[in-house]
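Each remark here refers to the structure printed beneath this line.
In my numbering, the protein residues as written are 53 to 182.
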């Protein structure tokens with residue numbers, strides 16, 4: 053599982069030392085799971101908790117999508133940087149930023165896919181976003 057997520061995240065940033073540390077600590081898997089949980093939680097919130105006509109707007113859907121993606125990216129950036137700083141490992145901040153961007157994209161894609169699945173189960177927001 054770690055191999056699969058490593059191949060995804062390493063498309064955004066690859067440096068031998070940094071990527072090896074990420075892989076050996078199973079951090080790719082950890083951050084992919086966080087992205088999946090973020091997308092799942094926020095899509096469930098929109099399609100089941102906010103399933104009311106007043107929330108049946110694309111802007112509400114977009115806000116929740118962006119919120120889930122930003123939370124996932126910020127979590128990756130701060131957690132990863134904190135782990136490596138505690139171990140006195142110094143990596144460039146672009147490594148964290150690039151992986152956070154990858155997490156942002158992963159969460160966004162998952163949120164869209166989950167929207168396609170969950171909108172069929174919703175009564176009031178089933179037409180949102182497409």
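Where is the CB? At the ideal position from N, CA and C, for every residue including glycine.
Contact test: residue i Cβ vs the ligand ADP heavy atom, cutoff 7 Å
i          : result
residue 94 : Only the bare structure without any ligand can be found here, which leaves the ligand ADP out of the picture.
Cβ neighbours of residue i in the same chain (closer than 7 Å, five flanking residues each side left out)
i           : result
residue 103 : 174, 175, 176, 177
residue 71  : 62
residue 67  : 147
residue 150 : 64, 65
residue 119 : 94
Residue span of the alpha helix (DSSP H) that contains residue i, given as start and end
i          : result
residue 66 : Careful: residue 66 lies outside any alpha helix (DSSP H) and carries neither H nor E.
Same chain, Cβ closer than 6 Å to residue i, five either side skipped, listed in chain order
i           : result
residue 83  : 128, 155
residue 158 : 87
residue 74  : 80
residue 133 : 148
Distance, residue j Cα to residue i Cα
i           : j           : result
residue 179 : residue 142 : 48 Å
residue 20  : residue 85  : Outside the shown range of the chain, which is 53 to 182, sits residue 20, and nothing can be said about it.
residue 57  : residue 101 : 30 Å
residue 113 : residue 59  : 30 Å
residue 88  : residue 162 : 7 Å
residue 1   : residue 117 : Outside the modelled stretch of the chain, which goes from 53 to 182, sits residue 1, for which no answer is possible.
residue 146 : residue 105 : 42 Å
residue 171 : residue 140 : 46 Å
residue 76  : residue 93  : 28 Å
residue 69  : residue 96  : 38 Å
residue 65  : residue 98  : 32 Å
residue 121 : residue 110 : 16 Å
residue 182 : residue 168 : 9 Å
residue 49  : residue 90  : One cannot answer for residue 49 here, as it falls past the ends of the chain, which runs 53 to 182.
residue 136 : residue 165 : 33 Å
Own chain residues within Cβ distance below 8 Å of residue i, not counting five before or after
i          : result
residue 78 : 54
8 Å Cβ cutoff, residue i in contact with chain B
i           : result
residue 121 : You won't find chain B in this structure, because it holds only one protein chain.
Of all the alpha helix (DSSP H) runs that stay within the bounds of the region 76-157, which reach a length of 4 or more residues?
79-96, 110-138, all fully within the region 76-157.
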